[in-house]
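Residue numbers (this note's numbering): 456 to 617.
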């Protein structure tokens, strides 16, 4: 007795049969090629002048992403300490490619990963976030545009409204 599977393939039709009924007997005669209808000849298109391009809008300066700011701080601190990606990644217990993606702003890191990377650089999580906030403040002052500081005087106090 053989445990080998039969040498036949099961065919699954892609389209349902037109109507249930008797299956036509298979013939060994070659199939005839379908006759093709001639393609109609189309008249050439009239050339129309292209519409004038709309004036390009002024490039809007994009808001910096938090992950870009944090990544910049991580890279700046690592390079200031003259440490390699591998060294910092090993100390933080994260992979070197992941740390590289964090520094380039390609990944959003969890607070645990950010804290581990900061500790590996001798910083606390608050230090890392404070440096990122300082960077954001510096960028906001350089960029022209609307800001809340220009519309109203800044108060360093608490305001309660009833």
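Every residue, glycine too, gets a C-beta built ideally from N, C-alpha and C.
Segment contact, 8 Å Cβ cut-off, at least three pairs: the segment 563-578 with the segment 529-540: These segments touch.
Sequence-distant residues of the same chain with beta carbon closer than 7 Å to residue 568, five excluded per side: Closer than 7 Å at the Cβ level, and outside the excluded window around residue 568, lie 549.
Local Cβ density within 10 Å of residue 561, reported as buried at 16 or more and exposed below that: Here residue 561 is exposed. Its C-beta has fewer than 16 other C-beta atoms within 10 Å.
Spatially closest choice to residue 522 from 557, 585 and 541, by CA coordinates: Of 557, 585 and 541, the residue nearest in Cα terms is 557.
Other residues of its chain near residue 571: CB distance less than 7 Å, five sequence neighbours each side excluded: Answer for residue 571: 547, 548 and 549, listed in chain order.
With 16 other Cβ atoms within 10 Å as the buried cut-off, status of residue 593: With fewer than 16 other Cβ atoms from the protein chains shown falling within 10 Å of its own Cβ, residue 593 counts as exposed.
Among 469, 524 and 518, the one whose alpha carbon lies nearest that of residue 563: The shortest C-alpha separation from residue 563 is found at 524.
Where residue 592 falls: helix, strand or coil (DSSP): Reduced to three states, the DSSP call for residue 592 is helix.
Length-filtered (4 minimum) alpha helix (DSSP H) runs lying within the segment 519-600: Those alpha helix (DSSP H) runs which fall completely within the segment 519-600 and span 4+ residues are 521-535, 540-547, 551-558, 566-575 and 580-597.
Residue 585 to residue 595 span [Cα, whole Å]: Residue 585 and residue 595 have their C-alpha atoms some 15 Å from each other.
Residues near residue 590 in its chain [Cβ-Cβ closer than 7 Å; skip 5 each side]: Within the same chain, 524, 527 and 528 come within 7 Å of residue 590 by CB-CB distance, once the 5 residues on both sides are set aside.
Beta-carbon proximity of residue 534 to residue 551, cut-off 9 Å: No. Outside cutoff.
Same chain, Cβ closer than 6 Å to residue 587, five either side skipped, listed in chain order: Contacts found: 524, 525 and 528.
Status (buried if at least 16 other CB within 10 Å, exposed otherwise) for residue 544: Label assigned to residue 544: buried.
Within 9 Å, strictly: CB atoms of residue 554 and residue 566: Cβ distance not < 9 Å, so residue 554 and residue 566 don't count as in contact.
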